[in-house]
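Working notes for the structure below.
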Amino acid sequence: MNNDIDNNNDAYTDKIDIDDGNDIDNNNDAHTDKIDIDDGKPNNGKPITKIEVSPNEKYLVTYSQEDNSISGWDVENNDEEIYDMMNEIENLIDDNGYELYDYCAFNLKGELILSYMNYIYVCSIQNENSKWKRERIYFIPDYSDLISISIYDKIYLSSNNSIYEWDLITGRIIKISGNEIKYDFSFELDEYLKNVRIFGNEKFEKFICTRIKDKIIIYSVELKITIASLDLNNVIQLRMLIKFHALWPLLFPLLYPLFSNIPSIKFWEEYLQANMCLEF
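Listed below in structure tokens is the structure:
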């Protein structure tokens, strides 16, 4: 059964066909709840999984996947004590007993964007009193999984074997890629989502890079085609990619995180051996 998902953002919204039984309407009314920031140990001493810095490099937040904690501080004020944002952010959301913060990022305005279960929270900090203010709330449609959040207020979602771009400013959702990947088990989808990287900005073409088992696939959003498919066990393919230096700034932000645990140790041995012969 195909149903339309409508994001009520007072703007034109494309339709997403999702096999579920409910019509989802995103109510994005602004909220003005404020909370105080208390002192605390950052991330409860747990390993840091993700670090995000605001565009003006004034604020920094850290996220620990081990206990789903978020900590942050004012970078410019070295004397200001680090504060624990976990309890404070809980006060910005419904009191339902959960502490699952799946994603955190800054947008160009320096607002902190948080993902909590099926919700997206956009929060700003009040400089005069160091209080967090919840600006907006968005609801992620059912049967959609969050991939990433860009600094341009765009949310990337996976649904029904396709990737969608949701513009929080205009409210428009567009399908930017489709694939034939089928997931037999939920853990396969989770693994796929962890290995998706999206690169691009407002001026340049967007690319989607995914790793599926031992293959890396690069997809052009503009051309709507797969432009490269790399076999991690194929040393020749990987070496050819390395030789195209012009592609490094464009593709390496996508590829490097996906290169972990490459099965072919021979590739790295040959690559290092070849580069040792380069003259600087």
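Okay, so the sequence shown: first residue is 5 according to this note's numbering, each after it adds one. All C-beta atoms, glycine included, are put in the ideal place defined by N, C-alpha and C. Being a predicted model, the structure only gives us computed values, none of them experimental.
**Report entry** Euclidean distance between Cα positions of Asp218 and Lys137
**Finding:** One-based indexing of the sequence shown puts residue 218 at position 214. One-based indexing of the sequence shown puts residue 137 at position 133. Spanning the two alpha carbons is a distance of roughly 44 Å.
Query - Bridge partners - Thr174, DSSP secondary structure assignment - result: Translated into positions along the sequence shown, residue 174 becomes position 170. Answer is none; Thr174 lacks a bridge partner.
Requested in this report: Give every residue of the same chain whose Cβ lies closer than 6 Å to the Cβ of Ile301, excluding the five residues on either side of it in the sequence, and list them in chain order.
Outcome: Residue 301 lies beyond the residue range present for the chain, which begins at 5 and ends at 284; the question has no answer from this structure.
**Report entry** First through last residue of the beta strand (DSSP E) which encompasses Asp235
**Finding:** Position 231 of the sequence shown, counted from the start, is the residue given in the question as residue 235. Asp235 -> beta strand (DSSP E) spans 229-235.
Report task. For Ile212, name the three-state secondary structure that DSSP assigns. Result -> Working through the sequence shown from its first residue, we reach residue 212 at position 208. It is a strand residue.
Report task. Return helix, strand or coil for Leu112, following the three-state DSSP convention. Result -> Sequence index remark: in the sequence shown, residue 112 carries index 108 (1-based). In this structure, Leu112 counts as coil in the three-state DSSP scheme.
Query raised in the report: Apart from the five residues just before and just after Ile229, which ones in its own chain have a Cβ nearer than 6 Å to its Cβ?
Result: As a working note, residue 229 is residue 225 in the sequence shown. Closer than 6 Å at the Cβ level, and outside the excluded window around Ile229, lies no residue.
Query raised in the report: If you draw a straight line from the alpha carbon of Ser152 to that of Tyr63, how long is it in whole angstroms?
Result: In the sequence shown, counting from the first residue as 1, residue 152 sits at position 148. In the sequence shown, counting from the first residue as 1, residue 63 sits at position 59. Whole-angstrom Cα-Cα distance: 20 Å.
Query - Contact under 9 Å by Cβ, Ser4 with Ile212 - result: A query on residue 4 cannot be resolved here, the shown segment of the chain reaching from 5 to 284 and no further.
Query raised in the report: What three-state label does DSSP hand Ile144 in the structure shown?
Result: The residue given as residue 144 occupies position 140 in the sequence shown. Looking at Ile144 - three-state DSSP - the assignment turns out to be coil, as it is neither helix nor strand.
**Report entry** Environment of Glu169 [buried if 16+ CB atoms lie within 10 Å]
**Finding:** The sequence position of residue 169 within the sequence shown is 165, counting from 1. By the 10 Å Cβ count, Glu169 comes out buried.
Query raised in the report: Secondary structure at Ile221, three-state DSSP: helix, strand or coil?
Result: Position 217 of the sequence shown, counted from the first residue, corresponds to residue 221. Strand.
Report task. List the whole-angstrom C-beta distance separating Leu172 from Ile159, where the pair is believed to meet the contact cut-off of C-beta under 8 Å. Result -> Sequence index remark: in the sequence shown, residue 172 carries index 168 (1-based). Sequence index remark: in the sequence shown, residue 159 carries index 155 (1-based). At roughly 6 Å, the Cβ-Cβ gap stays under 8 Å, so Leu172 and Ile159 are in contact.
Query raised in the report: Which residues does DSSP pair with Tyr156 in a beta bridge?
Result: For the purposes of this step, residue 156 is taken as the residue at position 152 of the sequence shown. Residue pairing by DSSP places Tyr156 opposite no residue, since no beta bridge is assigned to it.
Query raised in the report: Pro51: buried (16+ other C-beta within 10 angstroms of its C-beta) or exposed?
Result: Here residue 51 refers to the residue found at position 47 when the sequence shown is read from its first residue. Counting Cβ neighbours within 10 Å, Pro51 comes out exposed, since fewer than 16 surround it.
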